[in-house]
Each structure stands twice: as C-alpha cells, then as structure tokens.
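> As you go down the protein sequences, you meet chains Z and U in turn. Per this note's numbering: the first sequence = residues 116 to 355. Per this note's numbering: the second sequence = residues 116 to 355. Backbone N, C-alpha and C define an ideal beta-carbon position, used for all residues, glycine too. Let me begin by handing over the structure; questions about it come next.
There are 2 protein chains.
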Amino acid sequence: MPSKVRLFLDHPLAEGQGVPLDADQAHYLFGVMRLGPGARLSVFNGRDGEWEAEVADAGKRAGRLVAVAQTRPMAMPPDLWLLFAPIKKARTDFIVEKAAEMGCRRILPVQTEFTNSERIRADRLRAHAVEAAEQCGNVFVPEVEDLMRLPEVLASWDPSRTLWFCDETLATGAAATPDRTGAPGAVLIGPEGGFSDAERARLRALPFARSIRLGPRILRADTAAVAALTLWQGVEGDWR
Amino acid sequence: MPSKVRLFLDHPLAEGQGVPLDADQAHYLFGVMRLGPGARLSVFNGRDGEWEAEVADAGKRAGRLVAVAQTRPMAMPPDLWLLFAPIKKARTDFIVEKAAEMGCRRILPVQTEFTNSERIRADRLRAHAVEAAEQCGNVFVPEVEDLMRLPEVLASWDPSRTLWFCDETLATGAAATPDRTGAPGAVLIGPEGGFSDAERARLRALPFARSIRLGPRILRADTAAVAALTLWQGVEGDWR
C-alpha cells in the first residue's frame, strides 16, 4: 500500500491546475488524514494519469489543491469487461473491488434467472471501484453500470468482443483456457445457483461466446471472478 | 450452493455408522436449520468422502446421525499449499476461505519482516476453512497451521516442493506462468508492504523457488492469493 495519500478526483489535471475540494474530500484530507497547507499527495482522475498535488487551502468544509507535476502517465488496462450477477452485499462489493484491481475497464451487473437481488446501488459500487483504484495505485477507474437483464445485454452485444462464460457443467478434460484471439473480452460470472438450462443453452449458441471451466471444485462467485479474470489476463491481457 | 444441509463432522463415516452430535452441531441442525428425526443431510469428515446421513435423535443440546450411503468418494486436491502473511482480520479470513475453495491442502500463515499482525487465531481460521468446504461441496478440508516465522518455514523446506513466490518487482516481460514441472507446489503471498529486500534476495536464491509475476497492477493480498492459485492450478494442478 502506498504510504502517501492517494485520491481520485473528477476534475481535469494539468501543471498548475487548481482543483476545488468538496466537503467529503476536505473532511478526508484535512480531518481524517490530517494534511495541512503545503502537504503533498497523489491524485488521479482516470484520464490524465497520476499527479503530485499540493494543498493550497485547507478548510473544514472545502479546500483547494494545485497539481504540481505528473508522476505517472495515463495508461488504460486491456479492453476487458466483467459481467456478474449480484449476490449478497458484501460479496458484490468484493467483486467490484476485485474487478478494479484486476484491470477491468467496465463492470456490468446483470440480472439472470437465478439472481436473487433485484436491486443494486450502482453509486455505492462506483465508490468501491474508486476506493480499490486509490488503494492499488491504478490510474484508471472502471465504469460501473446500472443493473441490466442478461438477455438485453446479450441482444445488443458487439460480436467482436469475446464473452468468456464460466460453465461449471463443462466436462472434465475441457480446456481451462482457450487460445489467444487478441479480441476485446468480457468475463461472465453466474449467480450462486448457476445459470438456468435455458440460459446455458442460449449462451453456448452465441457465436461470440467461449465456455471456460474453472477447475473441478465449486467456487463462490467472487473467487470465480478473480480466477476467470486471471485466466483472461494470462491469455489475452497484459499478464502475458 | 447446494440446497441440502452439508456438515463437516470429525468422526469416522461408514454405512450404518452412528455419529454423535455436540451442542453446537445440534443447535445448528435442529435449531437453525429446523431438521427433525428422519431428515436427511450430507456429511463429510475430510477422509471418507461424502455421505448421506439421517437424523436419528434430535435433542436441544445433543443428537445423533446415522450414515446411510456414500454419495461421493474421497478425492484429494492436488498437492498445493498456500503460505501467506496475515493481514487485517476480515481479509485473512477471506484468504483462508479462498485457499479452501481453490483446493489447497495446507494453509501456512507466515510472519515476514513487514507483517503487522503478530497473532492469529488458528482455530478461527480452521473454522473458516471448514465452512468454505461445507459451502463449496468439497470433501476435504485444508489443514491450517499456527503462525510461523518465514525463515523457519524455509529452513525446513522439502526442496522437492516448488515454492511459487509472487514478486511484484519482476520486470515486465517476465513469464507470468512457469512451465509445468509436475512437482508438489506452494504459493507464497507477501504482506501489504511487500517483502523486504533481504527477504526477496533470500527467496530468489532458493533452489526450489520460482518467481512469478501477477500482472502490472498492484493486487491486494487476497486477490493475489486467488490469482496465484489459479495460475498454479492451470499449470501444475487439476485445472489443466
């Protein structure tokens, strides 16, 4: 973990750029982290890389930073999305955090036939993605979409993006990892109860979908997400 | 998740075998899960596979099951260990849970130079390993050892077991995954602050150690554990 404070800000960053702080940010930097005028911290906005910034004004409910110098250039992770069926709150939070750490560009909660949770708080999940990026030193933050029904997501799918679909019913002996295609990708993780037979048949018939098998043991959804993203990064992504 | 109740019992299992229940088990089965005499459940002990059992006596503070028939034979996962530096409580629990799901046989908490937590509750971690096995349908439960200092673990290491050591300082371009050796394995995950320079130098010099690289982004320890175990299972384990 970096010892320096690291903060995501939705504001343009450039040399000498002033950045106003809202009440939450001021509370965190000056109340919780005890920074004062002249203190240095790292900031990023997901578009302009990482910057060293200096505290110019430190108030109780507001403040201002000035960007001093770029410390890391902007770098986007590979073109990878995660689609997952929301589960219990804590594990849904974990999946979003893991997707951010593993370098997903976009996170799509999808409702499947066996998904129990009908609602998600997308703003809460976005906050988790931001926090993971702050903690892990990333310069990008994945987009978190609102919940959509899986059939709708598939109906508007760009077929040039390969969908890796984790199929726990695949026979032993099936390849754990497909060959490299170089195409943009997405990983789809089903809910705790798995996919319905109809969903599985539909997924298997999609020309852009590839079944993968995550070993012979049943994995919880958050574990399966990290494992599948690892396999994708190893074959198609930037872990090669 | 299996809809049937699934319980780990530290008792021999065979056809017609009676199994006494302690107060905690009786409370869970009869109080929480509302099972009564004649109800069926799945039980396993980590040695005799999975059995269907029937409730013979259901009391408030005790009870008895009878094993009816074996439903799955005993099967051990590949010979894989996880060594990790304990971190905050909730994430340590998660690492143990993930190691159990991913098919580790043995979990060794190790104290490194930058490990903050000096104590772990091994009994608590064992309970998490059991719960993960119950939830995920496994018939084995990994052993969880007491905390040991890393140098002591390495001093008594059997050199025929390969140690995969996650080295975040490895240069880009290093192979993410080594070639298959067929040897028993272990994955070592460092603490949040990484390994010290002295530890890293020592690890690199070990003839049984192989450095692996988990991509260009910093991963939290629990994420790194699942990712490294995935890579091992794909190369050396039963995900091939």
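By the three-class DSSP mapping on this structure, what secondary structure does G349(Z) have?
Residue numbering aside, residue 349(Z) sits at position 234 when the first sequence is read from its first letter. Correct three-state label for G349(Z): helix.
> Just the chain U side, please: which residues come within less than 8 Å of D208(Z) by C-beta, in chain order?
Stepping through the first sequence from its first residue, residue 208(Z) is reached at position 93. Neighbours of D208(Z) on chain U: none; closest Cβ ~12 Å, over 8 Å.
> For T296(Z), go through chain U and note every residue whose CB falls closer than 9 Å to its CB, in chain order.
Taking the first sequence and counting its residues from 1, one reaches residue 296(Z) at position 181. Simply none; closest approach about 18 Å.
> Measure the C-alpha to C-alpha separation of L106(Z) and A270(Z) and round it to an integer number of angstroms.
This structure leaves residue 106(Z) out entirely; chain Z is present only between 116 and 355.
> Check G305(Z) in the structure and name its three-state DSSP category.
Working through the first sequence from its first residue, we reach residue 305(Z) at position 190. Coil, per DSSP.
> Find the nearest neighbour of L240(U) within the set R332(U), L265(U), R187(U), A205(U), judged by alpha-carbon distance.
Sequence index remark: in the second sequence, residue 240(U) carries index 125 (1-based). Comparing Cα positions, the closest option is A205(U).
> Could you run through the segment 308-341 of chain Z and flag, in chain order, every residue whose CB is less than 8 Å away from some CB of chain U?
Going along the segment 308-341 of chain Z in chain order, one finds G308, R328, L329, G330, P331, R332, I333, L334, R335, T338, V341 with a Cβ nearer than 8 Å to chain U.
> Going by DSSP in three states, Q250(Z) sits in which element: helix, strand or coil?
The residue labelled residue 250(Z) in the question sits at position 135 within the first sequence. Helix, per DSSP.
> Residues of chain Z with CB under 7 Å from G161(U), in chain order?
Translated into the one-based positions of the second sequence, residue 161(U) becomes position 46. What G161(U) touches in chain Z: nothing, since even the nearest Cβ is about 14 Å away.
> Which term fits E165(Z), buried or exposed, when burial requires 16 or more other beta carbons within 10 angstroms of its beta carbon?
Locating residue 165(Z) in the first sequence gives position 50, counting from the first residue. E165(Z) is buried by the Cβ-count criterion.
> Classify R96(Z) as helix, strand or coil using the three-state DSSP reduction.
With chain Z covering 116 to 355 only, the question about residue 96(Z) has no answer from this structure.
> Which residues share a DSSP beta bridge with E167(U)?
Your numbering for residue 167(U) matches position 52 in the second sequence. According to DSSP, which records beta bridges pairwise, E167(U) is partnered with S157(U), A184(U).
> Since D363(U) and M191(U) are thought to touch, with beta carbons under 8 Å apart, how far apart are those beta carbons, to the nearest angstrom?
Here chain U comprises residues numbered 116 to 355, so residue 363(U) is not present and cannot be evaluated.
> Would you tell me roughly how many angstroms separate the C-alpha atoms of V341(Z) and Q226(U), rounded to the nearest one?
Taking the first sequence and counting its residues from 1, one reaches residue 341(Z) at position 226. Taking the second sequence and counting its residues from 1, one reaches residue 226(U) at position 111. The straight-line gap from Cα to Cα measures roughly 25 Å.
> Could you tell me whether the segment 141-155 of chain U touches the segment 330-337 of chain Z, using the rule of 3 or more Cβ pairs below 8 Å?
No contact exists between the segment 141-155 of chain U and the segment 330-337 of chain Z.
> What is the rounded straight-line gap between the Cα of K203(Z) and the Cα of R317(U)?
Taking the first residue of the first sequence as position 1, residue 203(Z) is located at position 88. Taking the first residue of the second sequence as position 1, residue 317(U) is located at position 202. Distance between the alpha carbons of K203(Z) and R317(U): 42 Å.
> May I have the straight-line CA-CA distance separating A215(U) from E258(Z), to the nearest angstrom?
Taking the second sequence and counting its residues from 1, one reaches residue 215(U) at position 100. Taking the first sequence and counting its residues from 1, one reaches residue 258(Z) at position 143. Between A215(U) and E258(Z), the C-alpha separation is close to 31 Å.
> I need the boundaries of the beta strand (DSSP E) containing T284(U), first residue and last residue.
Here the question's residue 284(U) lines up with position 169 in the second sequence. Note, T284(U): premise wrong, no beta strand (DSSP E); not H, not E.
> In chain U, which residues lie less than 7 Å from Q348(Z) when you measure between Cβ atoms?
For this step, residue 348(Z) is matched to residue 233 along the first sequence. Per Cβ cutoff of 7 Å: G330.
> Please name the residue, chosen from F229(U), L122(U), E351(U), that lies closest to M148(U) on a Cα-to-Cα basis.
Locating residue 148(U) in the second sequence gives position 33, counting from the first residue. Minimum Cα distance to M148(U) is reached at L122(U).
> Taking Cβ-Cβ distances below 9 Å as the criterion, which residues of the segment 247-271 of chain Z are in contact with chain U?
Cβ contacts with chain U come from A247, Q250, C251, G252, N253.
> What are the boundary residues of the alpha helix (DSSP H) that I210(U) is part of?
The sequence position of residue 210(U) within the second sequence is 95, counting from 1. Segment 204-216, the alpha helix (DSSP H) holding I210(U).
> How many Å lie between R319(Z) and I222(Z) at the Cα?
On the first sequence, residue 319(Z) is found 204 positions in, with the first residue counted as 1. On the first sequence, residue 222(Z) is found 107 positions in, with the first residue counted as 1. When rounded, the distance between both Cα atoms is 22 Å.
> Just tell me which of D172(Z), E130(Z), G161(Z) has its CA closest to the CA of L150(Z).
Stepping through the first sequence from its first residue, residue 150(Z) is reached at position 35. Ranking D172(Z), E130(Z), G161(Z) by Cα distance to L150(Z) puts D172(Z) first.
> Taking all protein chains shown into account, decide if R155(Z) is buried (16 or more other Cβ within 10 angstroms of its Cβ) or exposed.
In the first sequence, counting from the first residue as 1, residue 155(Z) sits at position 40. Exposed is the call here.
> Could you give the residue range of the beta strand (DSSP E) that holds A324(U)?
As a working mapping, residue 324(U) is identified with position 209 in the second sequence. It spans 324-327 - the beta strand (DSSP E) in which A324(U) sits, taken as one unbroken run.
> Show which residues of chain Z have a CB atom less than 7 Å away from the CB atom of E216(U).
In the second sequence, the residue the question calls residue 216(U) occupies position 101. Result: R332, L334, R335, T338.
> Taking all protein chains shown into account, decide if P201(Z) is buried (16 or more other Cβ within 10 angstroms of its Cβ) or exposed.
Looking up residue 201(Z) in the first sequence gives position 86. Classification of P201(Z): buried, given that the 10 Å Cβ count is 16 or more.
> Would you decide whether G146(Z) is buried or exposed? Buried here means 16 or more other CB atoms lie within 10 Å of its CB.
For the purposes of this step, residue 146(Z) is taken as residue 31 along the first sequence, with counting starting at 1. G146(Z) is exposed by the Cβ-count criterion.
> Give every residue of the same chain whose Cβ lies closer than 8 Å to the Cβ of V181(Z), excluding the five residues on either side of it in the sequence, and list them in chain order.
Position 66 of the first sequence holds residue 181(Z). Answer for V181(Z): G131, Q132, G133, V134, A168, E169, A171, listed in chain order.
> Please return the same chain residues whose Cβ sits closer than 8 Å to the Cβ of A298(U), not counting the five positions on each side in sequence.
One-based indexing of the second sequence puts residue 298(U) at position 183. Closer than 8 Å at Cβ, skipping near neighbours: S275, R276, T277, E351.
> Classify A138(Z) as helix, strand or coil using the three-state DSSP reduction.
Position 23 of the first sequence, counted from the first residue, corresponds to residue 138(Z). In the structure shown, A138(Z) sits in a helix (DSSP, three-state: H, G or I).
> Please list, in chain order, all residues of the same chain as M116(U) whose beta carbon is under 6 Å from its beta carbon, the five residues on each side excluded.
Position 1 of the second sequence holds residue 116(U). Because M116(U) carries a pLDDT of 37, less than 50, the predicted location of this residue cannot be relied on, and the following value inherits that uncertainty. Closer than 6 Å at the Cβ level, and outside the excluded window around M116(U), lies no residue.
> Identify the contact partners of K213(U) in chain Z, using a Cβ-Cβ distance below 7 Å as the criterion.
If you number the second sequence from 1, residue 213(U) lands on position 98. Going along chain Z in sequence order, the residues near K213(U) (Cβ under 7 Å) are T338.
> Closest to V120(Z) by CA distance: which of A237(Z), F159(Z), A324(Z) is it?
Position 5 of the first sequence, counted from the start, is the residue given in the question as residue 120(Z). Here the closest residue by C-alpha is F159(Z).
> For F255(U), which of helix, strand or coil comes out of DSSP?
The count along the second sequence starts at 1 and reaches residue 255(U) at position 140. Three-state DSSP puts F255(U) in coil, outside helix and strand.
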